[in-house]
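Have a look at the structure below before the remarks.
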Ligand SMILES: Cc1ncc(C[n+]2csc(CCOP(=O)(O)OP(=O)(O)O)c2C)c(N)n1
Ligand code: SF4
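Residue numbers (this note's numbering), protein chains in the order written: chain A, 158 to 352; chain B, 2 to 534.
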């Protein structure tokens with residue numbers, strides 16, 4: 158088993174929590190993990206990415222080679238496209254479709270949409286809306302994680318255990334809301350990946 | 002079964018140090034080294050043993066505090082980013098001369114590609130320069146294991162050890178197997194007391210010893226389990242790969258590298274192993290993260306006995322971080338097939354947070370400075386450096402911590418007016434106070450803005466050394482209290498701020514304006530921590 162994943166988004170959106178949950182689940186499954194994170198300057202509203210590698214055998218590089226990623230998982234649509242040169246030919250893009258516009262020259266949203274729809278393997282979801290429906294507007298990242306779950310080769314229950322563990326100290330209500338967002342994302346992706 | 006934990010390189014180092022019987026960590030924050038100290042601060046074992054773990058004012062004070070702890074026999078760790086070693090350099094280089102007693106390890110995190118830094122300097126040169134043995138791990142597990150050996154080596158040779166991390170090592174997570182913690186050292190005093198007093202007579206004797214030790218340390222490096230020589234069938238090429246670069250090499254040969262490979266993770270560079278590789282192979286390729294430290298050493302200036310390829314010859318990029326792809330190209334392997342880049346993606350640079358007090362400070366300041374034909378703003382290092390970007394375009398310089406006040410002084414002496422310095426509260430206590438004393442003593446006509454957000458914002462909100470005492474500090478240094486002005490940087494106070502800035506620019510002498518409002522990110526964290534209680 159090997160999954161190379163690029164997580165992307167805008168500083169402050171919460172991509173690292175996604176990585177933490179997947180990392181915990183992979184650790185529980187006895188897998189090898191490497192995860193390169195971005196800290197520091199770029200976290201202030203700039204583009205952020207993390208390379209997450211999971212494998213049943215030894216992982217060498219902390220960075221994923223270009224053309225090597227099985228998945229790009231993004232909290233922001235333009236940020237998903239930024240990493241296309243890392244995606245393998247059979248790789249999937251799973252992305253939130255809600256633009257985060259904090260720059261004056263953000264690309265035309267129709268052009269963005271067209272590029273995303275033209276990708277051969279893509280899951281598109283409004284993670285913000287799914288999180289709101291789950292009564293947890295700040296859980297867009299868990300909705301996105303849910304949408305990634307069918308493509309991960311890690312049991313969804315394992316990921317749910319990870320969510321419980323990282324939100325436990327915030328109380329049951331927060332845990333349940335995040336699980337609801339996760340499940341909503343999962344259902345959305347199930348439909349799109351079943352083609 | 003050994004315990005397995007998913008740890009950042011920084012965390013693996015921190016945990017390894019705690020398990021090695023650490024008695025104190027001394028550090029000033031700096032990306033990518035900050036998480037080492039933060040991990041120790043949050044670890045129950047550190048609390049149980051009361052390991053020293055509060056932040057120091059700057060890297061030099063940190064280095065000297067650690068040297069004091071080592072003097073009395075306990076194990077001490079110093080952590081900083083690469084440019085921090087410039088600040089600590091006096092103490093660092095002379096700590097090679099005094100030597101260590103209790104294990105002393107100096108961790109320096111380099112930042113190739115300058116993700117969050119002013120330059121790409123490579124700390125291995127400092128290790129060589131100070132004759133201090135240097136370690137450079139390539140995996141998180143190695144980091145955990147190596148820090149313990151570094152303490153042992155430090156005590157065996159009674160010398161500090163430099164441990165060099167790079168951004169990817171520091172900020173990448175992997176599974177690490179951990180062991181049981183060792184006890185701390187008891188108090189004890191150095192046997193060779195004389196070398197701790199670096200008077201010329203003592204230093205001359207000690208320097209000879211240090212040079213002799215360096216030769217023995219090179220033999221240690223040749224035998225080290227962290228350096229190894231792997232045979233390879235194809236002798237057309239021999240590869241030297243150090244630290245994290247070794248991973249990028251092996252990534253490209255999942256079934257094993259066909260060429261002989263010398264992996265280097267401990268210095269002084271074991272010349273014997275390099276000669277063996279050179280004797281066996283037709284060409285050499287040197288793959289190292291950062292500056293061409295090894296490559297330069299073996300290349301020299303005289304004609305090469307064999308072809309050496311690397312960053313200096315252009316096969317690998319001369320600047321920036323290595324990647325598995327740049328290493329692949331240097332190995333002459335075809336690139337992987339990849340998607341074409343999107344043509345509509347644009348850069349998304351970082352910016353000051355919405356609602357940040359630095360924004361209100363810069364809005365008022367730039368409006369006043371633009372009332373003059375040639376106003377200049379000498380700034381410094383911190384979140385507020387982002388004031389260079391749109392929409393503010395507020396600053397003219399950013400060099401090193403503290404350089405705002407001192408450059409403003411120099412410019413004022415040359416006739417510049419207004420000569421304004423903008424510095425953060427943590428940077429002010431790190432390296433700004435001595436400059437302010439110069440300004441007072443020299444009667445420099447400058448206006449200093451200490452933009453006080455009550456925290457060290459850029460590196461994630463660590464406590465700031467002078468919080469609550471900035472006015473007292475400035476007055477103590479000799480700034481006239483009538484020209485120490487505190488304002489609250491909020492949009493509603495803009496006109497008042499502009500009036501005060503105008504008045505203080507008009508004042509002929511040293512004035513200090515302190516816009517004070519808590520960093521909103523730190524405020525959020527503090528509020529969350531209060532709610533938890
Ligand atoms: C010698 C040195 N040490 C550490 C750093 C890392 N660093 C950059 S900015 C900064 C903190 C700045 O804090 P402050 O001056 O309070 O400004 P803020 O970011 O809070 O606005 C640090 C620690 C550095 N660049 N140089
Ligand atoms: S982290 Fe704090 S100091 Fe830095 S930009 Fe954000 S609010 Fe301002």
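Even for Gly, the Cβ is constructed at its ideal location relative to N, Cα and C.
Since we're looking at a predicted model, the values are computed, not measured.
With which residues is residue i paired in a DSSP beta bridge?
{"i": "residue 457 (chain B)", "result": "B:463"}
{"i": "residue 211 (chain A)", "result": "A:160, A:190"}
{"i": "residue 239 (chain B)", "result": "B:285"}
{"i": "residue 84 (chain B)", "result": "Partner(s): none; residue 84 (chain B) has no beta bridge."}
{"i": "residue 53 (chain B)", "result": "B:25"}
{"i": "residue 166 (chain B)", "result": "B:110"}
{"i": "residue 427 (chain B)", "result": "Looking at the DSSP assignment, residue 427 (chain B) forms no beta bridge with any residue, so it has no partner."}
{"i": "residue 231 (chain B)", "result": "B:262"}
{"i": "residue 377 (chain B)", "result": "B:420"}
{"i": "residue 126 (chain B)", "result": "Paired residue(s): none; residue 126 (chain B) is not in a bridge."}
For residue i, which option in the options has the closest C-alpha, if you only look at C-alpha atoms?
{"i": "residue 274 (chain A)", "options": "A:257, A:161, A:235, A:298", "result": "A:235"}
{"i": "residue 329 (chain B)", "options": "B:531, B:38, B:246", "result": "B:246"}
{"i": "residue 284 (chain B)", "options": "B:237, B:332, B:111, B:433", "result": "B:237"}
{"i": "residue 313 (chain A)", "options": "A:303, A:296, A:180", "result": "A:303"}
{"i": "residue 124 (chain B)", "options": "B:178, B:93, B:421, B:23", "result": "B:93"}
{"i": "residue 61 (chain B)", "options": "B:86, B:204, B:138", "result": "B:86"}
{"i": "residue 307 (chain A)", "options": "A:209, A:330, A:165, A:250", "result": "A:250"}
{"i": "residue 336 (chain B)", "options": "B:116, B:65, B:324", "result": "B:324"}
{"i": "residue 97 (chain B)", "options": "B:130, B:139, B:362", "result": "B:130"}
{"i": "residue 239 (chain A)", "options": "A:325, A:163, A:345", "result": "A:163"}
{"i": "residue 153 (chain B)", "options": "B:484, B:321, B:221", "result": "B:221"}
{"i": "residue 360 (chain B)", "options": "B:502, B:332, B:379, B:518", "result": "B:518"}
{"i": "residue 335 (chain A)", "options": "A:310, A:350, A:300", "result": "A:300"}
{"i": "residue 255 (chain B)", "options": "A:297, A:193, A:214", "result": "A:214"}
{"i": "residue 500 (chain B)", "options": "B:146, B:430, B:368", "result": "B:368"}
{"i": "residue 287 (chain A)", "options": "A:280, A:342, A:260", "result": "A:342"}
{"i": "residue 133 (chain B)", "options": "B:99, B:32, B:145", "result": "B:99"}
{"i": "residue 241 (chain A)", "options": "A:206, A:212, A:350, A:297", "result": "A:206"}
Report buried or exposed for residue i, applying the criterion of at least 16 other Cβ atoms within 10 angstroms of its Cβ.
{"i": "residue 509 (chain B)", "result": "exposed"}
{"i": "residue 232 (chain B)", "result": "exposed"}
{"i": "residue 262 (chain A)", "result": "exposed"}
{"i": "residue 352 (chain B)", "result": "buried"}
{"i": "residue 344 (chain B)", "result": "exposed"}
{"i": "residue 190 (chain B)", "result": "exposed"}
{"i": "residue 66 (chain B)", "result": "buried"}
{"i": "residue 164 (chain B)", "result": "buried"}
{"i": "residue 158 (chain A)", "result": "exposed"}
{"i": "residue 290 (chain B)", "result": "buried"}
{"i": "residue 413 (chain B)", "result": "buried"}
{"i": "residue 200 (chain B)", "result": "exposed"}
{"i": "residue 55 (chain B)", "result": "exposed"}
{"i": "residue 229 (chain A)", "result": "buried"}
{"i": "residue 378 (chain B)", "result": "buried"}
{"i": "residue 355 (chain B)", "result": "exposed"}
{"i": "residue 120 (chain B)", "result": "exposed"}
By Cβ distance, which residues of its chain are closer than 7 Å to residue i, with the 5 residues on each side in sequence left out?
{"i": "residue 322 (chain A)", "result": "181"}
{"i": "residue 440 (chain B)", "result": "406, 410, 447, 511"}
{"i": "residue 218 (chain A)", "result": "none"}
{"i": "residue 161 (chain A)", "result": "210, 221, 225, 226, 227"}
{"i": "residue 191 (chain A)", "result": "210, 216, 219"}
Starting from the C-beta of residue i, find all residues in its chain whose C-beta is less than 6 Å away, skip the five residues before and the five after it, and write them out in chain order.
{"i": "residue 295 (chain A)", "result": "none"}
{"i": "residue 262 (chain B)", "result": "231, 240"}
{"i": "residue 506 (chain B)", "result": "419, 448"}
{"i": "residue 88 (chain B)", "result": "59, 60, 61"}
{"i": "residue 142 (chain B)", "result": "177"}
{"i": "residue 257 (chain A)", "result": "167, 233"}
{"i": "residue 72 (chain B)", "result": "102"}
Spatial neighbours of residue i within its chain, please: C-beta separation below 8 Å, excluding the five flanking residues on both sides.
{"i": "residue 478 (chain B)", "result": "434, 437, 438, 441"}
{"i": "residue 372 (chain B)", "result": "503"}
{"i": "residue 408 (chain B)", "result": "379, 398, 400, 422"}
{"i": "residue 173 (chain B)", "result": "9, 10, 141"}
* **For review: beta carbons within less than 5 Å of any heavy atom in ligand 2** => B:353, B:354, B:357, B:384, B:454, B:458, B:520, B:521, B:522
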